[in-house]
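1 is the number of the first residue of the sequence shown in UniProt numbering; add one for each residue after it. Ideal Cβ placement from N, Cα and C applies to all residues, glycine included.
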Amino acid sequence: MSEQTQSQEHAAEPATYDVVAAQDRWRKVWDDLNPFEAADDGSRERRYALTMFPYPSGDLHMGHAEVMALHDVIARYWWQRGYDVLNPIGWDSFGLPAENAAIRRDEHPATYTYANIETQAESFRRYGMSFDWSRRLHTSDPEYYRWTQWLFLRFRERGLAYRRSSPVNWCPNDQTVLANEQVVGGMCDRCGAEVTKRELTQWYFKVTDYAQRLLDDMEGLKATWPERVLAMQRNWIGRSEGAHVDFEIEPAGEEPGRTVTVFTTRPDTLYGATFFVVAADAKLAGEICAPEQREAFEAYLAQVRKETDIDRLSSEREKTGVFLGRYAVNPVNGERIPVWAADYVLADYGTGAVMAVPAHDQRDLDFAKAFDLPVRRVVDTGEENPEETFVATAGDGVYVNSDDLDGLTDKASGIAQIVGRLEGEGRGKGAVNFRLRDWLLSRQRFWGCPIPIIHCPTCGEVPVPDDQLPVVLPDLRGADLKPKGTSPLAAAEEWVDVDCPSCGGPAKRDSDTMDTFVDSSWYFLRYCSPDYTEGPFDPEAVRRWMPAHQYVGGVEHAILHLLYSRFFTKVLHDMGMVDFEEPFQALLNQGQVINQGKAMSKSLGNGVNLGDMIDQYGVDAVRLTMVFAGPPEDDIDWADMSPSGSLKFLQRAWRLSGDVTSEPGTPYDGGDVTLRKATHRTLREVEHLVDSHRFNVVVARVMELVNVTRKAIDSGCGPTDPAVREAVEAVAILLSLVAPYTAEEMWSRLGHEPTVAKAGWPTVDEALLVQDSVTAVVQVQGKLRAKLEVGPDISEADLEAMALAEPVIQRALEGKTVRKVIVRAPKLVNIVAG
């Protein structure tokens with residue numbers, strides 16, 4: 001066939017391709033080929049690409065579209081680079097979002113959840129995700145939560161799972177307790193209801209035992225995790241150094257004396273402690289309240305229990321409290337100071353008690369002012385006296401009113417001296433405290449992993465034997481599953497009433513279920529061997545794949561999920577089940593998809609339906625728009641995006657594949673050198689851009705290569721020129737990272753067998769990367785005056801001489817004196833003259 005005939009045939013082809021037909025065609029091919037199943041045979045280096053798995057509370061939304069497009073760039077790039085890639089998918093299918101949605105629709109949670117899973121799975125396939133579907137899992141499958149229960153029991157054996165009574169966060173809307181991390185601004189992070197406090201007996205994981213390790217091990221993540229995530233975790237763990245100080249509470253009437261220990265970061269200000277404060281809802285307050293103050297205290301406690309933590313900690317509200325009728329003895333000077341119950345101290349901070357130093361703490365000072373309590377300055381900062389201004393001074397200065405510390409100016413020496421004295425007298429010791437609290441994991445809801453404990457009146461808490469796991473949720477279809485403050489499981493008598501495994505007597509199952517964050521704290525390990533039956537995961541498979549090389553997901557999980565997953569991994573390491581202590585080598589957080597400057601919402605009328613966008617523009621255009629919008633961590637405002645522009649670009653790229661008539665496998669040598677150089681420079685730059693997560697710039701470089709290739713063709717590069725085939729094949733491979741359907745269409749038109757996703761990364765010819773010349777910019781007084789084509793290795797002296805010799809530069813300098821010449825060879829000369 002002649003070149004002219006081939007050109008005529010290409011000209012007869014449609015100018016655009018049918019997006020919908022392409023999607024249908026390649027879906028079927030991919031399903032048949034199953035190209036993304038990890039071989040796991042040791043033939044290639046392994047890479048684990050992990051994305052935070054979704055909740056099945058509805059179909060995919062624009063947020064899914066963004067994070068999945070970004071994640072898939074990495075996974076597909078690794079496939080092209082020749083790695084054996086593990087890119088699994090699953091669903092975090094237990095928990096409140098799915099359960100609440102099912103209740104609103106009068107459906108059983110299992111029916112609603114699994115129907116949504118199938119809907120999302122179909123959407124993921126349509127979206128062209130390179131998932132390994134053979135490793136699919138759901139946390140609500142008994143085959144999965146059997147091992148969640150098994151892990152709970154192993155944690156309990158190590159003293160890391162325990163049950164106790166304490167004031168807990170309570171969501172009145174969802175009718176369940178919340179972990180501290182699930183309360184945001186005093187509101188439930190699930191439904192937005194105002195959170196209150198209740199005294200309940202609940203299950204906890206002792207994450208505080210790992211506080212220091214969780215903090216220390218972040219040092220090894222600094223190079224590969226976003227700093228803001230590490231900062232959020234550091235702040236939440238909240239390590240502070242100071243001292244534990246023992247205050248003696250004096251006897252009162254028949255009430256005996258007792259020792260109460262408080263933590264303070266400033267033991268050097270003990271001489272300024274003029275009263276003692278106990279959280280009103282702390283157990284300690286009720287225990288030490290004098291009989292004559294009992295009625296006033298009980299009335300005040302009832303008032304405090306109606307308040308949220310965020311209200312109690314507000315610096316703007318008036319301070320309230322009640323005197324407990326007791327006195328504490330200051331250990332450094334023997335002074336008797338009154339003991340008060342107040343709401344501005346929280347029960348779960350340390351022992352729920354603090355020494356109040358009002359001169360140097362504004363909340364203490366506000367309380368002192370409200371109840372006419374003494375104020376004593378012990379650090380002179382040079383500011384006005386807080387006793388007179390009622391403005392606390394928190395800085396450093398000269399110690400005053402502090403006995404043998406008086407005149408000292410070094411805070412570290414002051415702290416060391418006081419701590420030494422306390423330790424010598426047995427009244428305290430240096431200590432480290434953490435803001436982090438133990439993880440409250442039990443929930444009073446139906447749709448969750450049952451807690452594998454049986455409560456026996458004779459034997460107490462009895463673990464369910466391993467051979468009786470999983471404790472399967474009863475079906476309870478037709479039962480009222482609406483939240484009522486206790487788990488619906490408590491009323492399921494046939495399920496809850498059992499024989500004690502220890503003594504055989506009548507007993508009851510624990511009717512609470514686990515927080516869904518327990519399920520998601522180890523799922524990434526299960527992906528390595530989802531069908532393993534001898535344990536939660538095959539240790540050898542985990543050794544081969546973990547830790548995950550790249551984790552992609554939202555920054556909203558910076559504290560909850562990521563902290564808990566790190567905790568789980570460290571415990572499993574200590575149990576000898578894994579040989580690493582951090583689960584995720586690198587972390588990438590995507591921004592939020594908004595519209596018209598606001599979060600998408602039906603009530604605001606700015607919601608965007610992903611399915612509608614795909615129907616209108618096609619999958620590839622949506623994916624390309626998401627990736628090209630900006631750096632991954634930035635928010636995307638859909639109102640500013642142009643999926644129609646993305647579609648037009650994809651059509652231009654696709655048309656290039658119709659301009660190639662050389663045969664596949666044609667050697668590239670001898671082709672147009674300029675085009676070949678552009679192709680190889682693009683490939684090399686993209687390698688660095690993907691590794692640094694600059695995916696939007698990757699798209700920009702592909703667009704540039706498409707333009708360069710089109711210009712070369714239109715300028716005389718014939719369709720048989722091997723450089724044209726090389727460039728268009730490179731475009732197809734690069735587009736396979738972002739626009740898989742278009743890339744597959746191009747690859748097929750270029751005469752190749754599917755799939756382009758496994759084509760392999762083109763070898764970059766280093767000789768073609770050498771630049772023959774560089775454009776140097778010459779400025780006078782900061783204004784562009786000339787451009788010079790120079791060698792890439794030109795010296796600064798030679799570049800300066802060339803610039804000053806340029807006629808246009810000499811004219812610009814007439815009548816002026818050159819004061820300074822700034823040279824940045826080979827690209828810039830800036831001449832300062834006057």
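Use the C-beta contact count for residue i: other C-beta atoms within 10 angstroms, 16 or more gives buried, fewer gives exposed.
i, result
"residue 766", "exposed"
"residue 360", "buried"
"residue 167", "buried"
"residue 1", "Bear in mind that a pLDDT of 38 at residue 1, under 50, signals an unreliable position, so the model cannot answer this."
"residue 333", "exposed"
"residue 73", "buried"
"residue 504", "exposed"
"residue 182", "buried"
"residue 624", "buried"
"residue 784", "exposed"
"residue 688", "exposed"
"residue 404", "exposed"
"residue 851", "Because the chain in this structure spans residues 1 to 834, residue 851 falls outside the shown range and cannot be described."
"residue 9", "Because the pLDDT at residue 9 is just 42, under 50, the model does not fix this residue reliably, and the value given afterwards should be weighed accordingly. Exposed."
"residue 393", "buried"
"residue 676", "buried"
"residue 269", "buried"
"residue 39", "exposed"
Can you list, in chain order, the residues of its chain with a C-beta nearer than 8 Å to that of residue i? Leave out the 5 residues immediately preceding and following it.
i, result
"residue 827", "774, 775, 776 and 777"
"residue 3", "A caution first: residue 3 carries a pLDDT of 40, below 50, which makes its placement in the model too unreliable to give a value."
"residue 446", "99, 109, 473, 476, 481, 487, 488, 489 and 513"
"residue 808", "785 and 786"
Straight-line CA distance for residue i to residue j?
i, j, result
"residue 437", "residue 46", "37 Å"
"residue 640", "residue 597", "10 Å"
"residue 267", "residue 380", "16 Å"
"residue 70", "residue 588", "9 Å"
"residue 210", "residue 515", "20 Å"
"residue 724", "residue 665", "13 Å"
"residue 569", "residue 205", "14 Å"
"residue 835", "residue 233", "Within the shown structure, residues of the chain are numbered from 1 to 834, placing residue 835 beyond reach of any answer."
"residue 222", "residue 726", "40 Å"
"residue 702", "residue 648", "14 Å"
"residue 254", "residue 328", "16 Å"
"residue 377", "residue 278", "22 Å"
"residue 114", "residue 102", "11 Å"
Whose C-beta lies closer than 6 Å to the C-beta of residue i among residues of the same chain, with five residues either side of it excluded?
i, result
"residue 258", "249"
"residue 708", "678"
"residue 80", "761"
"residue 22", "741 and 745"
"residue 764", "680, 683 and 684"
"residue 265", "240 and 242"
Apart from the five residues on each side of it in sequence, which residues of its chain come closer than 7 Å, Cβ to Cβ, to residue i?
i, result
"residue 220", "582"
"residue 44", "82, 83 and 84"
"residue 271", "332, 333, 378, 401, 402 and 403"
"residue 834", "816, 817 and 819"
Report task. Enumerate, from N- to C-terminal direction, the unbroken beta strand (DSSP E) stretches of 3 or more residues contained entirely within the region 240-327. Result -> 258-264 and 275-279
Query - Segment contact, 8 Å Cβ cut-off, at least three pairs: the region 643-660 with the region 738-757 - result: yes
Query raised in the report: Is the region 584-595 close to the region 59-66, with three or more CB pairs under 8 Å?
Result: yes
Report task. Would you check if the region 85-100 and the region 139-147 touch, i.e. whether three or more CB-CB distances between them fall below 8 Å? Result -> yes
**Report entry** Unbroken stretches of the alpha helix (DSSP H), 4 residues or longer, contained in the region 700-750
**Finding:** 722-735 and 740-749
Report task. For the region 433-470, list the beta strand (DSSP E) runs that are entirely contained and at least 3 residues long, ordered along the chain. Result -> 453-456 and 460-463
**Report entry** Touch test, the region 360-374 against the region 287-304, Cβ-Cβ under 8 Å, three pairs minimum
**Finding:** no
Query raised in the report: With contact counted as at least three CB pairs below 8 Å, one residue from each stretch, are the region 630-649 and the region 601-621 in contact?
Result: The region 601-621 and the region 630-649 touch, with three or more beta-carbon pairs separated by less than 8 Å.
Query - Segment contact flag, the region 108-123 with the region 425-436, C-beta cutoff 8 Å, min 3 pairs - result: No, because fewer than three Cβ pairs between the region 108-123 and the region 425-436 fall closer than 8 Å, the two stretches do not touch.
**Report entry** the region 528-535 in contact with the region 153-170 per 3-pair CB rule at 8 Å
**Finding:** no
**Report entry** At least three beta-carbon pairs within less than 8 Å, the region 817-833 to the region 789-807
**Finding:** The region 817-833 is in contact with the region 789-807.
Report task. Please list the segments of the beta strand (DSSP E) lying wholly inside the region 625-691, counting only runs of 3 or more residues, in order along the chain. Result -> Listed in chain order, there is nothing to give.
Requested in this report: Spell out a yes or no on whether the region 344-352 and the region 276-289 are touching, meaning 3 or more CB-CB pairs, one atom from each, closer than 8 Å.
Outcome: yes
Query - Length-filtered (4 minimum) alpha helix (DSSP H) runs lying within the region 107-140 - result: 109-126
Query raised in the report: Is there contact here, the region 293-300 with the region 381-389, by at least three beta-carbon pairs under 8 Å?
Result: no
Report task. Indicate whether the contact test is met: 3 or more Cβ pairs, each with one atom in the region 447-458 and one in the region 181-201, closer than 8 Å. Result -> Counting Cβ pairs under 8 Å, fewer than three are found: no touch.
Query raised in the report: Enumerated in chain order, which unbroken segments of the beta strand (DSSP E) with a length of 3 residues or greater are wholly contained in the region 327-366?
Result: As for any beta strand (DSSP E) of minimum length 3 sitting wholly inside the region 327-366, the runs are 336-342 and 353-356, ordered along the chain.
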